[in-house]
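Heads up: the structure comes next, in C-alpha cells.
Residue numbers (this note's numbering), protein chains in the order written: chain A, 4 to 300; chain B, 594 to 714.
Okay, here's the thing in C-alpha cells:
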C-alpha cells in the first residue's frame with residue numbers, strides 16, 4: 004500500500020486542516036515557465052525573534068535551533084521553506100541588528116532544504132527601512148513560481164507606518180496583470196492584510212488596496228505571521244492564514260487589555276509555539292495545513 | 594456619515610485645513626486643550642478622561658523621532674512630527690475606555706507605547 008504524505012500525517016496523529024480557496028472550480032491554471040500542476044508541500048516558520056531575551060521564553064537561545072532540528076527531522080522534506088518575518092527581535096543598535104541577522108542566517112543554514120525564502124517583519128526592517136535586512140537576505144518583495152503556483156512576497160514592514168506603499172502596489176498590479184485570471188496565487192507577507200485587530204496594530208494600513216488588487220483572481224491564499232498564533236480569516240474568497248511563533252504566543256485578538264505575551268509554562272515548555280506544513284494540492288487549489296510542534300510531548 | 598468616519602473627518606480636516614503648525618491652529622476659546630508629550634516609549638499623560646459630546650483638542654509634541662497616535666475605536670489618528678506641535682480635535686461620541694497606541698514603529702519599546710482614553714457621560 005502506498006502511503007502519501009497526508010495519510011502519513013493522519014497516521015502520526017497530525018491531521019491537517021484543509022482550506023480550499025476559489026469558487027469551487029476543479030482546476031486552475033498552472034503558472035510559470037514549464038509549469039506542471041503537481042502537488043507538493045512547503046513549511047512555514049514565523050516570528051523567530053532571534054535575540055529576544057525575557058521571561059516569556061527562557062529557552063530563547065535554543066528555540067530556533069530546535070525548530071531547525073524538527074524541520075530536518077520531518078520524514079519527507081518539503082520542497083521549500085518560508086520564514087514570514089520577524090527573523091530577529093528589534094534593537095535600536097544597527098550593529099547589534101546586523102549581528103542578530105547574521106546569527107539567524109547561520110542557524111537556518113543548517114536546514115537540510117536549501118530552497119529557503121525570507122521576508123522581513125517590522126522587528127527586522129522598520130527602524131532602517133530594511134537596509135540591514137537587505138544586506139543579508141536581499142529584496143524585501145519579490146515573486147517566484149513553483150510547480151504551477153505563483154508566489155508573491157509582499158513587504159508591509161519596511162515602512163515603519165505599515166504601508167505597502169504606492170510603488171509596491173503598482174509593482175503588484177503589474178505582476179498580477181501578466182497572470183491568467185485563474186492562476187494559483189499564494190501571497191506571503193508579515194502583517195495581516197486585513198483589519199484583524201487594529202487596536203493592537205494587527206493590520207496593514209493600506210492592506211485593503213492589496214486585497215482589492217487580488218480580488219479579481221479566484222485562486223488566492225495568503226500566509227502571514229506577526230500575531231504569534233493561528234488565525235484563519237476570509238476576505239471574500241481569499242483565505243488568510245497566520246502562523247504560530249517560535250518565540251512566544253500572543254493572546255487572541257482583544258482577549259485581554261494589552262497585547263502582552265502569554266506566560267511561559269514550565270510544565271509545558273514550547274506550548275503555543277510551532278511551525279506548519281502546507282500541502283499544496285494544485286489542481287484543486289487546496290491547502291492542507293498541519294500545525295507541528297517545536298518539540299514533541 | 595457614521596461616527597467613526599465623522600471623527601476621522603474632523604481630525605483630517607484639522608490637518609488639511611489648518612496644518613500642523615501651532616501658529617496656525619487654535620482651539621475654540623471654550624474648548625479644552627490637552628497637551629500630550631510622546632517620547633520613547635510612552636505618552637505623558639497616558640490616560641485621558643473626556644466627556645461624551647464635548648470637543649477637546651489634543652496637542653502633541655515629541656522630542657525625538659516621528660511617532661503615531663491612533664485610536665481605532667474613535668477613528669482618530671495622527672503623525673506626531675518632531676519639531677512641530679500637532680493638534681487633533683476630538684468630539685467623543687461614545688462612552689467607554691479606548692486604547693491608543695503608537696502606530697509608527699519607533700524602537701525597541703514601541704510595542705509598549707500605549708495609553709487609554711476614557712469617555713464618560
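Ideal Cβ placement from N, Cα and C applies to all residues, glycine included.
Keep in mind the model is a prediction, meaning the values are calculated, not measured.
| query | result |
| --- | --- |
| Contact the region 94–113 of chain A vs the region 44–59 of chain A: 3+ CB pairs below 8 Å | yes |
| Bounding residues of the beta strand (DSSP E) (the contiguous stretch that carries residue 149 of chain A) | 145–149 |
| Residue nearest to residue 192 of chain A in terms of C-alpha spacing, selected from A:41, A:111, A:48 and A:173 | A:48 |
| C-beta atoms of residue 712 of chain B and residue 685 of chain B nearer than 8 Å | yes |
| Spatial neighbours of residue 642 of chain B in its chain, beta-carbon cut-off 7 Å, leaving aside the 5 residues before and after | 711 and 713 |
| CA-to-CA distance, residue 229 of chain A to residue 77 of chain A, given in whole angstroms | 25 Å |
| Members of the region 696–714 of chain B near chain A, C-beta cut-off 8 Å | 696, 697, 698, 699, 700, 701, 703, 704 and 707 |
| Residue 174 of chain A (DSSP reduced to helix, strand or coil) | helix |
| Backbone secondary structure at residue 99 of chain A - three-state DSSP | helix |
| Beta carbon proximity, residue 655 of chain B to chain A, threshold 8 Å | no |
| C-alpha gap between residue 281 of chain A and residue 246 of chain A, whole angstroms | 11 Å |
| Chain B contacts from the region 110–138 of chain A (Cβ-Cβ distance under 8 Å) | 125, 129 and 130 |
| 8 Å CB neighbourhood of residue 241 of chain A in its chain, flanking five on each side removed | 24, 214, 217, 218, 223, 224 and 225 |
| Short Cβ contact (8 Å threshold) for residue 709 of chain B with residue 678 of chain B | no |
| Beta carbon proximity, residue 623 of chain B to chain A, threshold 8 Å | no |
| Minimum C-alpha distance to residue 661 of chain B - residue among B:636, B:683, B:690 and B:645 | B:636 |
| Integer Cβ distance of residue 124 of chain A from residue 160 of chain A, believed to fall under 8 Å | 6 Å |
| CA nearest to the CA of residue 639 of chain B, picked from B:648, B:658, B:664 and B:645 | B:664 |
| Integer-rounded CB distance, given that residue 231 of chain A should sit under 8 Å from residue 248 of chain A | 4 Å |
| Chain B contacts made by the region 195–209 of chain A, where a contact means CB separation under 7 Å | 201, 202 and 204 |
| Interface flag, residue 93 of chain A vs chain B, CB-CB below 8 Å | yes |
| Partner residues on chain A for residue 661 of chain B, Cβ-Cβ distance less than 8 Å | 164 |
| Among A:68, A:95, A:85 and A:296, the one whose alpha carbon lies nearest that of residue 190 of chain A | A:85 |
| Contact under 8 Å by Cβ, residue 262 of chain A with residue 227 of chain A | no |
| Start-to-end residues for the alpha helix (DSSP H) that takes in residue 211 of chain A | 210–217 |
| Beta-bridge partners of residue 279 of chain A, as assigned by DSSP | A:47 and A:294 |
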